[in-house]
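J.:
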Amino acid sequence: MTDSRSEAALLTHYRLQDPFPTSWSDPIEEEQAKQRVRYRQSTSRYSVLQEDGLSSSLKGLVGGDLYSGGPIPEDEPDPLGSVPSVARALLKRGIPVDDNVRLRQRYLISSKNFSPAAFLRDVHSNTPTPALQQGLEFLATSIAKKSESLKVLVETNFDRFVAAKATIEGVYKEMKDNKFLTKDKEAEYGVGKIRAYLNEAGEKAEEVFGPVMAGRGREEGLRLLLHTLEKHGNMLDMPRSLADAIKRKDNATLLEEYQKARKYVTDVRSLVPNPAAGIGQGVKEEHLYQLILAEKMWIEAESTVATFKDHTWAKLLECKADDTMAMELISVLLEIGVEENPALIWLHALSDKIRERLQTTFESSRVEIEVARRKVGSSPQPRAHTVANYLRAPSRRLTTDGVKHYDTVVVNHFWETFESGLLSLLDPKCGILGEILGFWKSAQSFIDGDNILPVGIDGKSQRFHRFSDKDVTNLRDSAQKLVTALREKIISFFQDPPPEDVPAHYNSAPNTPLSGTFPTNAAFPRMIGQEGDIYAFFPPGANSLGGACYLSKATTLLGNASVLLAENFSSLPSAHPIPLTETLRTMLATSRDRMVSAILTAWLSDAENCKVMEDWTRSPNNRGVTKMPNYFLRFSSEVIAGMQSIVYLDKVRNADSTNVIPPPSAKLLNSVRAQFVRTMYTALEGMIENAKNPVTEADWVRDRNGLHSPMPPQTPINLTANSVNCEDLSVRMLLTLSNLSLLRNEIIADLISTFESTFTVKLTDESKTIKNALVQIHDQLFTEYTTPLIQQLSEITQSGILSPTWAPNPGRVATEVKPYVYDALLLLVDVHAQVTTTAPSLTNTVLTYLLEQLSRLLLEAFKQRKEYDLGGLLQATLDVEFVNQTLTQYASGEALKWQSEVYVLLDKGSTEDARRRLKEELPELKRVLSSLRRYSRAEFLCFRAKKTNVKGRVRESTMS
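For the sequence shown, counting from 1, position 391 maps to 391 in the UniProt record's numbering; every step adds exactly one.
1) Assuming Cys-549 is part of the alpha helix (DSSP H), what are its boundary residues?
2) Round the Cβ separation of Leu-905 and Phe-862 to the nearest angstrom and send it over; I've been treating them as touching at under 8 angstroms.
3) Check Ile-299 in the structure and name its three-state DSSP category.
4) By how many angstroms is the C-alpha of Glu-816 removed from the C-alpha of Leu-878?
5) Would you list, in sequence order, the uninterrupted alpha helix (DSSP H) runs of no fewer than 4 residues that lie entirely inside the segment 420–490?
6) Would a C-beta distance cut-off of 8 angstroms place Pro-73 and Pro-84 closer than the cut-off?
7) Round the Cβ separation of Pro-490 and Phe-418 to the nearest angstrom and send it over; I've been treating them as touching at under 8 angstroms.
8) In terms of DSSP beta bridges, what is Tyr-868 paired with?
9) Nearest CA to the CA of Glu-608: which residue from Ala-89, Asn-622 and Glu-685?
10) Are the segment 576–590 and the segment 438–450 touching, with three or more C-beta to C-beta distances below 8 angstroms?
11) Roughly how far, in whole angstroms, is the beta-carbon of Arg-373 from the beta-carbon of Phe-414, given that I think they are within contact range, below 8 angstroms?
12) Would you mind reading off the limits of the alpha helix (DSSP H) that contains Lys-249?
13) Return the chain-ordered list of same chain residues with a C-beta closer than 7 angstroms to the C-beta of Ser-738, the five sequence neighbours on each side being excluded.
14) Please look up how many angstroms separate the CB atoms of Thr-848 and Ser-892, rounded, as I've assumed it's under 8 angstroms.
15) Three or more C-beta pairs closer than 8 angstroms, one from the segment 759–771 and one from the segment 798–808: is that the case here?
16) Just to confirm, is the Cβ distance from Ile-790 to Tyr-820 under 8 angstroms?
17) Run through DSSP, which three-state label would Ile-143 get?
18) Would you tell me roughly how many angstroms separate the C-alpha atoms of Ala-945 and Thr-386, rounded to the nearest one?
19) Where do the ends of the alpha helix (DSSP H) carrying Phe-782 lie?
20) Identify the residues that DSSP records as bridge partners of Thr-626: which are they?
21) Alpha carbon to alpha carbon, how far is Tyr-264 from Pro-128?
22) Buried or exposed, going by whether 16 or more other CB atoms sit within 10 Å of the CB of Val-162?
23) Are Ala-598 and Leu-584 closer than 8 angstroms when you measure CB to CB?
24) Please check the pair Leu-91 and Asp-122, which I expect to be a contact at CB under 8 angstroms, by giving their CB distance rounded to whole angstroms.
25) Under three-state DSSP, which class holds Ser-723?
26) Counting pairs of beta carbons, one from the segment 493–503 and one from the segment 327–340, are three or more of them closer than 8 angstroms?
27) So what does DSSP say about Ile-578, is it helix, strand or coil?
28) Taking the straight line between their C-alpha atoms, what separation do you get for Pro-540 and Thr-555?
29) Given a cut-off of 8 angstroms, decide if Leu-793 and Leu-635 are closer than it, judged by their beta-carbon atoms.
30) Using only alpha-carbon positions, find the residue among Glu-784, Ala-674 and Gln-834 that is nearest to Ile-770.
31) Measure the C-alpha to C-alpha separation of residue 963 and Gln-834 and round it to an integer number of angstroms.
32) Check this for me: beta carbons of Val-672 and Met-643, under 8 angstroms apart or not?
33) Taking its Cβ as the centre, do 16 or more other Cβ atoms sit within 10 Å of Leu-941, making it buried, or is it exposed?
34) Which residues in the same chain as Thr-304 place their Cβ atom closer than 6 angstroms to its Cβ, once the five residues preceding and following it in sequence are excluded?
35) Enumerated in chain order, which unbroken segments of the beta strand (DSSP E) with a length of 3 residues or greater are wholly contained in the segment 830–894?
36) Which class does Val-904 belong to by DSSP, given the choice of helix, strand or coil?
What follows is the structure, given as structure tokens:
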């Protein structure tokens with residue numbers, strides 16, 4: 001035991017560090033246990049890479065005795081060329097190779113205890129496949145170089161070593177045979193010194209040639225490993241092929257490569273069913289190396305595919321219902337293999353996202369609409385010219401942008417925001433409604449099994465091709481909840497008052513013209529209905545034209561949405577006591593009633609403003625009237641058409657396919673009917689007021705910023721042949737009377753007929769009432785126009801007939817008409833000129849009425865004279881007949897009656913002698929009358945009737 005070699009052998013055999021230990025432990029087994037706990041918990045099949053899984057025979061093949069001791073070998077670079085220091089790489093991984101000789105020798109290729117399995121496991125556990133391939137090439141090159149140098153060394157020195165060893169052994173044997181090597185005499189005969197030299201030479205030879213001889217065994221092991229890598233090198237490309245396919249988004253290639261990798265690792269595992277059995281139990285070393293590489297490849301492939309699955313799941317959950325990529329992603333997941341049904345998870349996630357998007361979209365749209373409504377409320381009130389310009393919009397052609405602008409910029413901005421908000425909810429293509437329909441269409445396709453889906457690896461994904469009854473019920477409940485949520489949001493928007501609170505980030509919204517900034521908590525004007533309701537969907541001060549236009553679009557959108565919802569979801573079983581069709585009908589009826597109420601309020605307000613549409617410009621088709629009647633006709637027709645679309649939802653597609661469109665209630669129709677009549681009255685009264693008291697110049701200041709197409713100011717340069725002198729009260733009255741006549745005879749009748757055919761009602765009583773009101777308004781204005789003229793005629797006749805010089809002197813007869821007659825007729829000439837140039841259609845009416853009044857005034861004046869002699873009779877007869885014959889084409893029964901009464905009065909006031917002599921003087925009186933009329937023909941030519949002869953030429957008729 002005192003011999004150093006015996007002690008070293010003892011320590012090596014029992015794996016001891018101290019010859020007198022207090023307790024025994026195996027440091028290699030302890031290190032292996034630590035490594036198993038630290039590094040090998042995740043891969044059950046990877047145990048073949050562990051050192052304790054190799055048999056003792058395999059250890060001998062790859063490097064001799066695994067537990068031999070010795071000095072600590074020097075650190076070496078990685079034989080695969082990846083890292084500069086093997087020991088440093090192991091220390092980073094927590095393997096203590098600095099003070100453990102045996103553990104260090106496993107990882108150094110120069111050591112006879114080098115273990116390729118341990119080396120790959122611990123040094124290159126995270127090295128990717130491409131790097132291993134490069135290391136393979138580096139290793140092959142290194143082996144070739146070292147083999148050549150070792151060959152030269154052996155060939156150069158091996159013969160000398162063998163010859164020297166043979167000589168020494170021969171001498172030693174001879175000395176031992178001659179008993180020179182006995183123990184007690186070795187020193188005496190000098191053998192101890194020789195033996196010391198021999199031992200020293202042996203140690204040096206072992207040091208020089210030992211690694212060479214041991215390297216031959218390791219070289220064979222490495223050559224076997226290299227052969228395995230070269231033979232199965234294509235297998236190492238599989239993880240990279242998977243990564244390339246993922247990068248190219250080539251799912252077909254990805255699935256193909258994944259199937260190849262799976263088949264390969266399955267085949268290799270079948271070659272080594274029990275890797276722990278070792279080579280001595282029938283496991284070939286080549287198969288073991290192949291399994292090591294296959295397992296490493298499979299770990300990388302599984303990691304790559306797992307990452308791809310995660311990304312695919314994320315993409316799938318982001319897909320919308322109409323995204324064609326969803327089916328592709330579902331198929332890919334089923335083909336690769338998953339633990340949960342991707343179609344079902346996607347549909348549930350889609351339902352949740354639609355519900356969240358519905359809430360956020362509704363709240364965002366409602367706030368944006370409220371902000372736009374407050375912008376309208378904080379804007380300056382439009383002037384009369386701006387109001388008139390937009391009320392005339394139906395009479396204008398489309399603007400350059402192809403759109404009719406019915407209101408101011410801020411109001412139109414509100415309507416555009418309102419329309420955009422509704423579309424974001426109800427558009428069947430890009431709105432929430434479209435997402436709900438798409439969700440259910442996708443769900444129904446999976447429920448019915450209409451989709452062709454892959455069965456996956458070993459048919460494991462076939463179980464996901466059909467949904468269970470519970471899953472189907474859950475999907476139906478999700479769809480019905482989405483429909484209910486959408487319906488409740490719509491009802492809330494149209495029925496609830498405007499929101500009081502607006503988020504702070506909406507306060508800095510960009511200003512539109514005239515909008516300015518406004519305080520968040522300020523009180524703003526609100527659109528208030530007939531019953532005091534406040535509308536969040538109708539801006540304050542907006543006209544009925546824009547309201548009818550945009551709300552008709554809104555009702556059509558609502559109707560189409562309701563039809564689609566009824567067609568897709570009404571047949572689903574539901575736990576709700578009220579059928580879906582009834583709830584949709586309620587939504588439509590409620591929303592429609594609110595919209596109609598808002599428009600009726602605006603309609604009446606617009607009727608009050610209709611008077612400002614009068615621009616005192618002649619109609620190009622009828623110069624006897626202004627453009628006002630046509631403006632009123634177009635305006636009213638536009639509102640009626642919009643109301644029809646709202647009340648009957650006649651533009652809804654496929655309305656007959658479902659029973660979801662509710663008919664208008666009798667209350668609703670009566671309110672529309674009553675408001676129509678009220679607007680007629682209000683508009684007509686406004687016309688009369690406008691004729692008497694027109695809009696002042698200050699009211700007509702152009703509000704250029706409020707107009708989409710500002711009109712140029714009227715200047716003498718802009719006056720045309722259609723312009724009239726609107727500052728003259730008589731001109732305004734005549735044109736208004738002419739307008740009223742056109743309204744009474746044509747336009748009002750057309751509007752009543754249109755309303756009756758539109759709303760399928762009869763306005764018999766209302767029609768009579770409106771026409772009677774028109775007659776009264778016309779007569780009132782006509783009276784106001786003619787009263788000043790009658791007053792002038794009265795003054796002329798009174799002053800003329802009651803003048804002391806009226807009657808001829810006694811004994812003389814009348815030879816001329818008195819001047820008052822000419823004054824009265826000249827006044828009528830002026831009236832004739834004004835009427836014919838302003839409103840020609842009123843000429844007969846006005847002059848006939850004035851002739852009647854003149855005849856009455858003559859009677860009243862003659863009544864004031866007590867008696868008439870012959871001269872007085874002749875003068876009175878001459879005056880009356882001159883007037884009668886000059887204005888004969890305007891004579892009426894009423895005028896003739898007054899004239900007859902004049903002659904009766906004259907008869908009563910004269911003596912018998914005067915009447916008898918009058919008959920004698922009548923021929924002369926007729927001659928004088930004819931002469932007077934001939935001389936005054938030029939003065940009163942306007943009163944002559946114009947007739948057309950057979951040839952079409954105009955001639956003047958003679959008056960007798």
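Think of the CB as a built atom: it goes at the ideal place given N, C-alpha and C, for glycine as much as any other residue.
T.: This is what the structure holds:
1) 544–569
2) 5 angstroms
3) helix
4) 8 angstroms
5) 432–448
6) no
7) Note on identity: in this sequence residue 490 is Ile, with Pro being the wrong assignment. Ile-490 to Phe-418, Cβ: 13 angstroms. No contact.
8) Ser-910
9) Glu-685
10) no
11) 6 angstroms
12) Per DSSP, Lys-249 belongs to no alpha helix (DSSP H) and is neither H nor E.
13) Gly-624, Val-625, Ala-839, Ser-841 and Leu-842
14) 5 angstroms
15) no
16) no
17) helix
18) 46 angstroms
19) 764–801
20) Arg-618
21) 19 angstroms
22) exposed
23) no
24) Contact doesn't hold; Cβ gap of about 11 angstroms is too wide.
25) strand
26) no
27) coil
28) 20 angstroms
29) For the sequence presented, residue 635 should be read as Phe rather than Leu. Taking 8 angstroms as the Cβ cut-off, Phe-635 and Leu-793 do not qualify as a contacting pair.
30) Ala-674
31) This structure cannot settle anything about residue 963, because the visible part of the chain is limited to 1 through 960.
32) yes
33) exposed
34) Pro-239, Leu-242 and Ala-243
35) none
36) helix
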